[in-house]
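**Student:**
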Amino acid sequence: MELDIINDSQKSTAKSESLIRTPSLPLISYKGQDKLALFFLRFCALSIFAILVLMIGLLFKMAMPAISMFGLDFITSSDWNPVEDQFGGLAFIYGTVTTSFLALIIATPLSIAMAIFISQILKGALSKVVSMIVELIAAVPSIVFGLWGLFYLAPWVKSTLTPFLKNTLGFLPQFQGPSFGIGILSASIILAIMITPTITSIVREIFNSVPQIRKEAALGLGATKYEMIRIAVLRPSLSGILGAVVLGLGRALGETMAVAMIIGNNPTISKSLFSPGATMASVIANEYAEAEGDLHLSALCYIALILFAITFIVNLAARTIIWHNNRRSQK
Amino acid sequence: MRKLFVGLMAFIAMNTMAATQINGAGATFPYPLYSKWFSEYSKENKDIQINYQAIGSGGGIRQLIQETVDFGASDAPMSDNDKSKATRQILQIPTVLGAVAISYNVSEVTANIKLDGDTLAKIFLGEISKWNDPKIAALNEGLKLPAKDILVVRRADGSGTTSIFADYLSTVSKDWETQVGRGKTLKWPTGIGAKGNDGVTGAISQNDGAIGYIELAYAINNNLKVAALKNKAGEYKLPTVQGVSLAAAKVKSISEVTNSIVDADGKGVYPISSFTYILLPVKEKDAKIVEVKKFLKWALSKGQNFAAPLHYAPLPKRLALEMLKEIK
Amino acid sequence: MRSPETYFKIRKLKNSLFHLVVLISAICVMAPLFIVVAFLLQKGASGFNLDFFTNIPKPVGEIGGGMKHAIIGTMIMVSLASLIAIPIGLLGGIFLSEFGKGKIATLLRFATDLLTGVPSIVIGIFGYLLVVIPFKSFSALAGALSLSLIILPIVIRSTEEILKLIPNHYREAGLALGLPRWKMILFIIVKGHLSQLFTGIILAISRAAGETAPLLFTAFGSLYLSYNVKAPMASLPVQIYNYAISPYKDWQSQAWTGAFVLITLVLGLNLFARTVFGIKKLRRK
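Chains as they are written, first to last, in the working numbering: chain A, 46 to 376; chain B, 241 to 568; chain C, -4 to 280.
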């Protein structure tokens, strides 16, 4: 009986000890725990590499028949002919590049102005509200812009913008030819709307990081606000702005749904901005599930691979520019 | 965490209780009728849901070969090349007939215009680019045609409707045959591409000056003008269910159902008519295939009554009976 | 030679002109949001009724039907995608901020940015090749996996950026208590800044909820309400797309209503994340 009691009390002390978890007896040493945790964290982080490698590998495997068939001629040929099993991606590359650059031409000045407006002109709560509105534009799903573009923007481009451009810039080949609203110009405008918030928010950050003392120095010398912004804010930020623009380009290149809905999906290379076109992303969206021939499917994967490669280069460029910029501003 | 787990289990339990779902994909051409069929069939057989996605005939065949769907649908019969890619034998069952209507939207023109094969080919080749072109005017005396640009609307996806249309143009126009040819996806000389019969119809009705080819039901449901086409007998015929049935008259037995019936001989024939098919892999023991076969038997008998009101031509009686025997 | 007065006037004029240009540009930038929302309200609100939320589509050409199946489908797939991506993303972000030194981490940051930049349609193809083909069926699971690839890099980078802002003395204090590093990270760094981390997560989810392209070849579409994750499933964006390009007036107006619901959901989540959690952040300081 007594023995039992002793035993019990011993048990209970053992129990209470295990509840407190005496620091002297961890199952695994702290170092071991940390190693384990680090291993786990690293595993999760490295999954990104695995995904990318798998993605490139799969695309490459699928694109292989087209790569071995057409090689690099694929990039220089615009002959996209599923009937004859002849595939060339130039028309799509042209469409992607044209719409993206046109979008940049529209979006860059607007974004810079918007960033100036938010960071230099507005103050306090108002600046916060306006910058939130801009961020909300970035959040609008691409399908919604596509829907709006199809039913309102394209008809407006046809009825209002095209006649205006024909009357003012009609001597240029870019602004000639019939317009049906649906086409490169409308797609570019939609893209411009979609990338403006991206560029604006990065440029705004850059402007905000300009030391106050420089701005005050400029104002102290008697500069007007315009001159101050030009000298103290814009000039030192130029390379950063370039980085932001390149990032915007990255977003424009890959945009799919909104563009596919209003570009007209016609893989021809035309000088006129009113004419329909096709982009790399839009042709994949339209033909991928439906391609019959194996070579056709493979050619679409080839396009996806090229799109991937372009995204890679653009992101690398943007990162390099921003990295250099950061290093310079730290000095 | 535990709540999540319980939720997940409940979720899985719910899945197992749900009705049998059969997945199909393919042609947009018969979609207005098919969606009616599937909805009616589900009303009669509560435990069966047929989920049909109208992604185009090319997609139907592709996804059938990839075995990602239980059955496919196409307006163009499978080529031998396609059949060789499939690991299973595939049964092609005609379900109904339809017409490819030449539909247009020109605000000034309220009457039905007349076109012949050659003019139509020239429009889609981009050689005729204005509505008041002399070639169109010559066919439509007395009709005031505006000097508007023609916007050709065609399919952007792999399409059986395209295949029927290209087959017709290749039959009636040498230029078309040599420059473009036949196929479900083509290298189009002009125009804008839209997705599905839906997309083309939408693009036509939104753009003044547009012309395109769509299944008759789409044109009628959306109040679009259609052109009267010159048939082999020299008559100008508007697309009608009757004109389609007459075009199919020459098909005598089910061994001929995959033959083209465009530009058929005979009076009253509408020249761009076609069968549309459901593609079914032959797999004896598969429960889903059995269900699809049950549905097809229903479609070929009772289902045929829905065809004409929705502007499709039912299969000739004899063919339907023969086909029913074939399905077993 | 211009007199100093005119020179000054010109400078003044330039200055006001500059202000005007900036103001007009700002209006141009913000206008699309208001125009789009106004159109959605005008065109979408009329179809905004109970039927829309309780019905599934009717056969072609018949008036009526709704998008219940698509709304539920979007919710299921976005939840599944979050379940996959958020834990991995959080842990990956913690790794980058707490242990992210050296070449591998730099490469990893670049890889994450690259994944953010991968066109969503390419992610769709990836999902098709990786899941749909091997399992021989379009499935909600494939759709969720594709969406998770949208969420993952955003969560990683936002987590990293938030955690990096936390001053080092928090970490030092934690370690000085004798905690193992992982406990310090979990209970001091992460637990103490949950609301900011939530902001990043919700923004990532709202982005995924509006994506169409990754779902086209993966979740495909469905006409029925389905809870089966191994079968095709409808989603709001894909349903809007299908209806938007259709010629039927009734479907088009349902597309507008669907877009109205989608944008309410997405912008609502956004505003919620930015304001509610934003205020908390201010109070904490």
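Think of the CB as a built atom: it goes at the ideal place given N, C-alpha and C, for glycine as much as any other residue.
With 16 as the cutoff for other CB atoms within 10 Å, does Phe29 of chain C come out buried or exposed?
**Tutor:** Locating residue 29 of chain C in the third sequence gives position 34, counting from the first residue. Flag for Phe29 of chain C reads exposed.
**Student:** Any idea what DSSP makes of Ser314 of chain B, helix, strand or coil?
**Tutor:** In the second sequence, the residue the question calls residue 314 of chain B occupies position 74. Strand.
**Student:** Which whole runs of the alpha helix (DSSP H) in the stretch 391 to 444 of chain B are 4 residues long or more, in chain order?
**Tutor:** 400 to 412, 414 to 419
**Student:** Determine which residues share a DSSP beta bridge with Asn253 of chain A and list them.
**Tutor:** The residue labelled residue 253 of chain A in the question sits at position 208 within the first sequence. DSSP lists no partner for Asn253 of chain A.
**Student:** Between which residues of its own chain and Asn311 of chain A is the CB-CB distance below 7 Å, once the five residues before and five after are set aside?
**Tutor:** Numbered from 1 along the first sequence, position 266 holds the residue referred to as residue 311 of chain A. Counting only Cβ-Cβ distances below 7 Å, and skipping sequence neighbours, we find Pro321, Gly322, Ala323.
**Student:** Figure out for me which residue from B:Ala265, B:Leu365, B:Asp505 has the closest Cα to the Cα of Ala406 of chain B.
**Tutor:** Looking up residue 406 of chain B in the second sequence gives position 166. Proximity to Ala406 of chain B across B:Ala265, B:Leu365, B:Asp505 peaks at B:Leu365, based on C-alpha coordinates.
**Student:** Once DSSP output is grouped into helix, strand and coil, what is the label at Ser132 of chain C?
**Tutor:** Position 137 of the third sequence, counted from the first residue, corresponds to residue 132 of chain C. Of the three classes helix, strand and coil, the one that applies to Ser132 of chain C here is coil, per DSSP.
**Student:** DSSP state of Asn462 of chain B, grouped into three classes?
**Tutor:** One-based indexing of the second sequence puts residue 462 of chain B at position 222. In the structure shown, Asn462 of chain B sits in coil (DSSP, three-state: anything other than H, G, I, E or B).
**Student:** What is the C-beta distance between Phe48 of chain C and Lys63 of chain C, in whole angstroms, given that I count them as a contact (C-beta under 8 Å)?
**Tutor:** As a working note, residue 48 of chain C is residue 53 in the third sequence. As a working note, residue 63 of chain C is residue 68 in the third sequence. Phe48 of chain C to Lys63 of chain C, Cβ: 6 Å. Contact.
**Student:** In the DSSP assignment, find the alpha helix (DSSP H) that holds Glu381 of chain B and state where it starts and stops.
**Tutor:** Within the second sequence, residue 381 of chain B is the residue found at index 141, counting from 1. Unbroken run through Glu381 of chain B: none, as it is neither H nor E.
**Student:** Going by DSSP, what residues sit across from Ile290 of chain B in a beta bridge?
**Tutor:** One-based indexing of the second sequence puts residue 290 of chain B at position 50. Per DSSP, B:Ile262.
**Student:** Glu496 of chain B by DSSP, collapsed to three states: which one?
**Tutor:** One-based indexing of the second sequence puts residue 496 of chain B at position 256. Reduced to three states, the DSSP call for Glu496 of chain B is helix.
**Student:** Might you give, ordered along the chain, the residues of its own chain that have their beta carbon closer than 7 Å to the beta carbon of Ala203 of chain C, omitting 5 neighbours on each side?
**Tutor:** Taking the first residue of the third sequence as position 1, residue 203 of chain C is located at position 208. Contacts found: Val73, Ala76, Leu142, Ile145, Ile146.
**Student:** Please list, in chain order, the chain A residues whose beta carbon lies closer than 9 Å to that of Asn372 of chain B.
**Tutor:** Here residue 372 of chain B refers to the residue found at position 132 of the second sequence. The premise fails here: Asn372 of chain B is roughly 14 Å from chain A at the closest Cβ pair, so nothing lies under 9 Å.
**Student:** Could you check whether Val502 of chain B and Ile404 of chain B sit closer than 8 Å to each other, using their CB atoms as the reference points?
**Tutor:** Numbered from its first residue, the second sequence carries residue 404 of chain B at position 164. Numbered from its first residue, the second sequence carries residue 502 of chain B at position 262. Yes. Within cutoff.
**Student:** Count the CB pairs spanning the stretch 518 to 526 of chain B and the stretch 490 to 505 of chain B that are closer than 8 Å, and state whether there are at least three.
**Tutor:** The stretch 490 to 505 of chain B and the stretch 518 to 526 of chain B do not touch, with fewer than three beta-carbon pairs separated by less than 8 Å.
**Student:** Beta-carbon of Phe220 of chain A versus every beta-carbon of chain B: anything under 8 Å?
**Tutor:** The residue you call residue 220 of chain A lines up with position 175 of the first sequence. No, no contact with chain B.
**Student:** What first and last residue would you give for the beta strand (DSSP E) that runs through Ala339 of chain B?
**Tutor:** By 1-based counting over the second sequence, the position of residue 339 of chain B is 99. Element bounds for Ala339 of chain B: 330 to 345.
**Student:** What are the boundary residues of the beta strand (DSSP E) that Thr516 of chain B is part of?
**Tutor:** Along the second sequence, one-based indexing puts residue 516 of chain B at 276. Thr516 of chain B -> beta strand (DSSP E) spans 513 to 521.
**Student:** What are the boundary residues of the alpha helix (DSSP H) that Tyr573 of chain B is part of?
**Tutor:** What is shown of chain B runs 241 to 568, which leaves residue 573 of chain B out entirely.
**Student:** Once you ignore the five residues that flank Asp130 of chain A on each side, which residues in its own chain have a CB closer than 8 Å to its CB?
**Tutor:** Taking the first sequence and counting its residues from 1, the one referred to as residue 130 of chain A is at position 85. Result list for Asp130 of chain A: Gly338, Leu340, His341, in chain order.
**Student:** So with CB distances below 8 Å, who are the chain C contacts of Asn311 of chain A?
**Tutor:** Counting from one through the first sequence, the residue named residue 311 of chain A turns up at place 266. What Asn311 of chain A touches in chain C: nothing, since even the nearest Cβ is about 16 Å away.
**Student:** Give me the Cα-Cα distance between Ser61 of chain A and Leu91 of chain A, rounded to the nearest whole angstrom.
**Tutor:** As a working note, residue 61 of chain A is residue 16 in the first sequence. As a working note, residue 91 of chain A is residue 46 in the first sequence. Confidence in Ser61 of chain A is poor, its pLDDT being 47 and thus under 50, which makes the residue's placement too unreliable to answer from.
**Student:** Where Asn463 of chain B and Trp277 of chain B are concerned, what is the direct C-alpha to C-alpha distance, given to the nearest angstrom?
**Tutor:** Taking the first residue of the second sequence as 1, we reach residue 463 of chain B at position 223. Taking the first residue of the second sequence as 1, we reach residue 277 of chain B at position 37. C-alpha separation (whole angstroms): 23 Å.
**Student:** Measure the beta-carbon distance from Thr252 of chain C to Phe43 of chain C and round it to whole angstroms, keeping in mind my assumption that it falls under 8 Å.
**Tutor:** The residue given as residue 252 of chain C occupies position 257 in the third sequence. The residue given as residue 43 of chain C occupies position 48 in the third sequence. Correct: roughly 6 Å between the Cβ atoms.
**Student:** Which same chain residues end up closer than 6 Å to Lys435 of chain B when comparing Cβ atoms and leaving out the 5 residues on each side of it in sequence?
**Tutor:** The sequence position of residue 435 of chain B within the second sequence is 195, counting from 1. Only Ala396, Asp397 meet the Cβ criterion.
**Student:** Take Asn265 of chain C and list the residues in its own chain whose beta-carbon comes closer than 7 Å to its own, dropping the five residues that flank it on each side.
**Tutor:** Stepping through the third sequence from its first residue, residue 265 of chain C is reached at position 270. For Asn265 of chain C, where only same-chain residues beyond five positions count, the Cβ hits under 7 Å are Leu198, Ser201.
**Student:** On the three-state DSSP scale, how would you describe Tyr2 of chain C?
**Tutor:** Working through the third sequence from its first residue, we reach residue 2 of chain C at position 7. Helix at Tyr2 of chain C.
**Student:** Report yes or no: is there a C-beta of chain B within less than 8 Å of the C-beta of Ile128 of chain C?
**Tutor:** Along the third sequence, one-based indexing puts residue 128 of chain C at 133. Yes, because at least one Cβ of chain B sits closer than 8 Å to the Cβ of Ile128 of chain C.
**Student:** Does the CB of Asp448 of chain B have a neighbour CB from chain C at under 8 Å?
**Tutor:** On the second sequence, residue 448 of chain B is found 208 positions in, with the first residue counted as 1. False, the Cβ-Cβ gap to chain C never drops below 8 Å.
**Student:** Rounded to a whole number of angstroms, what is the C-alpha to C-alpha distance between Thr243 of chain C and Pro272 of chain B?
**Tutor:** Numbered from 1 along the third sequence, position 248 holds the residue referred to as residue 243 of chain C. Numbered from 1 along the second sequence, position 32 holds the residue referred to as residue 272 of chain B. Rather than Thr, the amino acid found at residue 243 of chain C in this sequence is Tyr. Going from the Cα of Tyr243 of chain C to the Cα of Pro272 of chain B covers about 11 Å.
**Student:** What in chain A is Cβ-close to Arg302 of chain B, meaning under 8 Å?
**Tutor:** To locate residue 302 of chain B, count along the second sequence from 1; it is residue 62. Within chain A, the residues near Arg302 of chain B are Ala334, Glu335, Ala336, Glu337, Leu342.
**Student:** Gly423 of chain B versus chain A: which residues are under 7 Å apart at the beta carbon?
**Tutor:** Taking the first residue of the second sequence as 1, we reach residue 423 of chain B at position 183. In chain order: Pro127, Val128.
**Student:** Taking 6 Å as the limit between beta carbons, can you name the residues of its chain near Val484 of chain B, skipping five residues before and five after?
**Tutor:** Within the second sequence, residue 484 of chain B is the residue found at index 244, counting from 1. Cβ within range, chain order: Leu337, Ala339, Tyr510, Ser513, Ala553.
**Student:** Give the interface partners of Ser187 of chain A over in chain C, defined as CB-CB distance under 9 Å, in chain order.
**Tutor:** Along the first sequence, read from residue 1 onward, the residue named residue 187 of chain A stands at position 142. The contacting residues are Ser115, Gly205, Glu206, Thr207, Ala208, Pro232.
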